[in-house]
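J.:
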Amino acid sequence: MDKYITQLFTDYNDVIWLLFGFILVFGSVKNWDWLCDPTGKPHAPLMTRGLLRFIFFSLGLLLIGCSLYFLVKRF
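Heads up, the numbering used here is the position in the sequence shown plus 138, with the first residue counted as 1.
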């Protein structure tokens, strides 16, 4: 089972990062509490909800862009 999971992440890492990117972008647009709520986190006094949404949206776009680049490069 461990070898199967390792092989899955090795072969399809660009697709997995694409999925994570879409989750981050969708979660920041829909303003999901578990993703964008700064209360109770160690960086809570430094970042507001809007700043966290912007950071996660930007990170999601970066993940989508890089994964699409590597997905196209693979074929």
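Cβ atoms here follow ideal geometry from the backbone N, Cα and C, with glycine treated the same way.
Values in this document were obtained by computation on a predicted structure and should not be read as measured data.
Taking 8 angstroms as the limit between beta carbons, can you name the residues of its chain near Phe192, skipping five residues before and five after?
T.: Ser166
J.: Nearest by alpha-carbon distance to Leu201: which of Gly159, Val163, Asp175, Thr186 is it?
T.: Gly159
J.: Assuming Leu206 and Leu156 are in contact, meaning their beta carbons sit under 8 angstroms apart, how far apart are those beta carbons, in whole angstroms?
T.: 7 angstroms
J.: Considering just the uninterrupted stretch of the alpha helix (DSSP H) at Thr148, what are its terminal residues?
T.: 140–149
J.: Would you call Phe194 buried or exposed, if buried means 16 or more other Cβ atoms sit within 10 Å of its Cβ?
T.: Within a 10 Å sphere around the beta-carbon of Phe194 sit 16 or more other beta-carbons, which makes this residue buried.
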